[in-house]
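Asker: This is the structure, below, for whatever I ask next.
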Amino acid sequence: SYMGWGTCLVSLTFHLFNLHGLIEHFHLDTMKLRRFLVMVQEDYHSQNPYHNAVHAADVTQAMHCYLKEPKLSKSLTPWDVLLSLIAAATHDLDHPGVNQPFLIKTNHYLATLYKNISVLENHHWRSAVGLLRESGLFAHMSSENRQLMESQIGALILATDISRQNEYLALFRTHLDRGDLCLEEAGHRHFILQMALKCADICNPCRTWELSKQWSEKVTEEFFHQGDVEKRYQLGVSPLCDRQSETIANIQIGNYKYMYMNSLKSFSGSL
Numbered sequence: 017s018y019m020g021w022g023t024c025l026v027s028l029t030f031h032l033f034n035l036h037g038l039i040e041h042f043h044l045d046t047m048k049l050r051r052f053l054v055m056v057q058e059d060y061h062s063q064n065p066y067h068n069a070v071h072a073a074d075v076t077q078a079m080h081c082y083l084k085e086p087k088l089s090k091s092l093t094p095w096d097v098l099l100s101l102i103a104a105a106t107h108d109l110d111h112p113g114v115n116q117p118f119l120i121k122t123n124h125y126l127a128t129l130y131k132n133i134s135v136l137e138n139h140h141w142r143s144a145v146g147l148l149r150e151s152g153l154f155a156h157m158s159s160e161n162r163q164l165m166e167s168q169i170g171a172l173i174l175a176t177d178i179s180r181q182n183e184y185l186a187l188f189r190t191h192l193d194r195g196d197l198c199l200e201e202a203g204h205r206h207f208i209l210q211m212a213l214k215c216a217d218i219c220n221p222c223r224t225w226e227l228s229k230q231w232s233e234k235v236t237e238e239f240f241h242q243g244d245v246e247k248r249y250q251l252g253v254s255p256l257c258d259r260q261s262e263t264i265a266n267i268q269i270g271n272y273k274y275m276y277m278n279s280l281k282s283f284s285g286s287l
């Protein structure tokens with residue numbers, strides 16, 4: 017079963033690093049790379065129905081597909097591909113299985129630490145940076161390049177904050193209307209990669225019906241678990257999280273209209 021691929025993130029990401037020539041280009045120690053990827057996989061919570069290492073692998077595979085789009089691939093540098101795959105693999109690292117509003121209303125330390133702004137995404141990014149440093153995977157690079165890598169990975173992961181969806185879409189549409197996106201410019205390529213990661217993160221409806229249906233069930237299970245906890249402690253049930261009033265179908269219809277159609281349609285039209 018696709019959903020049973022609990023250890024696929026390591027093998028998939030290692031394969032993609034090799035496929036894109038990143039190991040050779042950046043002179044990576046394969047033992048350090050494998051150790052880093054194992055740490056990443058283990059930092060995901062396998063008990064989460066949705067936000068787990070299988071989701072990370074799914075997003076990483078989707079990101080790879082976007083990177084291979086002809087219009088994009090001919091302009092990408094090895095650096096772009098490296099950052100994209102790392103960001104995809106780590107974009108939900110150490111996800112607690114609840115959303116940002118839950119963390120805020122329970123006064124969770126992460127909400128305090130990040131001042132209620134992109135709480136989860138900041139945590140995923142900082143967790144990824146911690147593992148990169150611990151693994152020593154890029155210890156042979158200059159400190160300037162390592163700092164640049166960390167900040168650019170952060171910008172990619174922070175783009176997956178769904179609360180900033182409209183902001184990114186508006187900017188993307190402005191660029192498309194003006195026709196001024198230039199893939200020769202590093203800043204424009206980085207923005208396109210932010211959009212690519214956003215779309216990879218929500219591309220479940222683009223999978224086969226069998227897989228898409230499973231993903232819908234998994235994410236709803238996670239929502240309803242949060243709602244159960246909120247009811248138990250009288251916290252007020254978050255939108256989409258009440259199993260008494262919501263259904264998988266209604267949740268997916270809402271997500272399709274708000275997230276999938278706008279993001280995926282705009283992005284696919286640009287490639």
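Mapping to the working numbering: the sequence shown position 186 is 202, numbers consecutive. Backbone N, C-alpha and C define an ideal beta-carbon position, used for all residues, glycine too. Bear in mind that the values here come from a model prediction, so they are computed numbers and not experimental data.
Could you check the C-alpha separation between residue 227 and residue 216 for me, to the nearest Å?
Answerer: Against the sequence shown, residue 227 aligns to sequence position 211. Against the sequence shown, residue 216 aligns to sequence position 200. Residue 227 and residue 216: Cα-Cα distance of roughly 15 Å.
Asker: Fully enclosed by the region 56-100, which alpha helix (DSSP H) runs are 4 residues long or longer?
Answerer: Within the region 56-100, the complete alpha helix (DSSP H) runs of at least 4 residues are 69-83, 86-89.
Asker: Here's the rule: buried if 16 or more other CB atoms are within 10 angstroms of the residue's CB, otherwise exposed. What is residue 151?
Answerer: The residue labelled residue 151 in the question sits at position 135 within the sequence shown. Burial call: buried.
Asker: State the DSSP-derived secondary structure class of residue 193, mapped to helix, strand or coil.
Answerer: For the purposes of this step, residue 193 is taken as residue 177 along the sequence shown, with counting starting at 1. Here residue 193 sits in helix by DSSP.
Asker: If we count the other Cβ atoms within 10 Å of its Cβ and call it buried at 16 or more, is residue 218 buried or exposed?
Answerer: Your numbering for residue 218 matches position 202 in the sequence shown. Residue 218 comes out buried.
Asker: In its own chain, which residues sit with a C-beta less than 6 Å from the C-beta of residue 246, not counting the 5 before and 5 after it?
Answerer: Your numbering for residue 246 matches position 230 in the sequence shown. 253.
Asker: From which residue to which residue does the alpha helix (DSSP H) around residue 266 run?
Answerer: Within the sequence shown, residue 266 is the residue found at index 250, counting from 1. From DSSP, the alpha helix (DSSP H) with residue 266 extends over 264-271.
Asker: Helix, strand or coil for residue 17, going by three-state DSSP, please let me know.
Answerer: Residue 17 sits at position 1 when you count from the first residue of the sequence shown. Note that residue 17 scores a pLDDT of 47, beneath 50, so its modelled location is shaky and nothing firm can be said.
Asker: When the Cα of residue 232 is compared with those of 212, 264, 211, which residue comes out closest?
Answerer: Along the sequence shown, read from residue 1 onward, the residue named residue 232 stands at position 216. Answer by Cα proximity: 264.
Asker: Using only CA atoms, which one of 170, 33, 236, 172 lies nearest to residue 259?
Answerer: By 1-based counting over the sequence shown, the position of residue 259 is 243. Comparing Cα-Cα distances from residue 259 to each of 170, 33, 236, 172, the minimum goes to 236.
Asker: Please state whether DSSP places residue 177 in a helix, a strand or coil.
Answerer: Indexing the sequence shown from 1 puts residue 177 at position 161. DSSP places residue 177 in coil when its eight states are reduced to three.
Asker: Under a Cβ-count criterion, where at least 16 other Cβ atoms within 10 Å of its own Cβ denotes burial, should residue 143 be classed as buried or exposed?
Answerer: The residue you call residue 143 lines up with position 127 of the sequence shown. With 16 or more Cβ atoms within 10 Å of its Cβ, residue 143 is classed as buried.
Asker: Taking all protein chains shown into account, decide if residue 250 is buried (16 or more other Cβ within 10 angstroms of its Cβ) or exposed.
Answerer: Working through the sequence shown from its first residue, we reach residue 250 at position 234. Exposed is the call here.
Asker: Is residue 259 helix, strand or coil by DSSP?
Answerer: Here residue 259 refers to the residue found at position 243 when the sequence shown is read from its first residue. Residue 259: coil per DSSP, three-state reduction.
Asker: Since residue 137 and residue 176 are thought to touch, with beta carbons under 8 Å apart, how far apart are those beta carbons, to the nearest angstrom?
Answerer: Taking the sequence shown and counting its residues from 1, one reaches residue 137 at position 121. Taking the sequence shown and counting its residues from 1, one reaches residue 176 at position 160. Rounded, the Cβ-Cβ distance is 6 Å, consistent with contact.
Asker: Around the Cβ of residue 174, are there at least 16 other Cβ atoms within 10 angstroms (buried) or fewer (exposed)?
Answerer: In the sequence shown, residue 174 corresponds to position 158, counting from 1. That one is buried.
Asker: State the Cα-Cα distance for the pair residue 206 and residue 79, rounded to the nearest angstrom.
Answerer: As a working note, residue 206 is residue 190 in the sequence shown. As a working note, residue 79 is residue 63 in the sequence shown. Approximately 13 Å, taken between the alpha carbons.
Asker: Under 6 Å Cβ to Cβ from residue 109, same chain only, skipping five residues before and after it: list those, please.
Answerer: Position 93 of the sequence shown, counted from the first residue, corresponds to residue 109. Counting only Cβ-Cβ distances below 6 Å, and skipping sequence neighbours, we find 59, 140, 143, 144.
Asker: Report back the beta-carbon spacing between residue 147 and residue 49 to the nearest angstrom; my notes put them in contact at under 8 Å.
Answerer: Reading the sequence shown from its first residue, position 131 is the one you call residue 147. Reading the sequence shown from its first residue, position 33 is the one you call residue 49. At roughly 12 Å, the Cβ-Cβ gap does not stay under 8 Å, so residue 147 and residue 49 are not in contact.
Asker: Helix, strand or coil: how does DSSP classify residue 34 here?
Answerer: One-based indexing of the sequence shown puts residue 34 at position 18. In this structure, residue 34 counts as helix in the three-state DSSP scheme.
Asker: Give me the Cα-Cα distance between residue 191 and residue 204, rounded to the nearest whole angstrom.
Answerer: On the sequence shown, residue 191 is found 175 positions in, with the first residue counted as 1. On the sequence shown, residue 204 is found 188 positions in, with the first residue counted as 1. Rounded to whole angstroms, residue 191 to residue 204 spans 10 Å at the Cα level.
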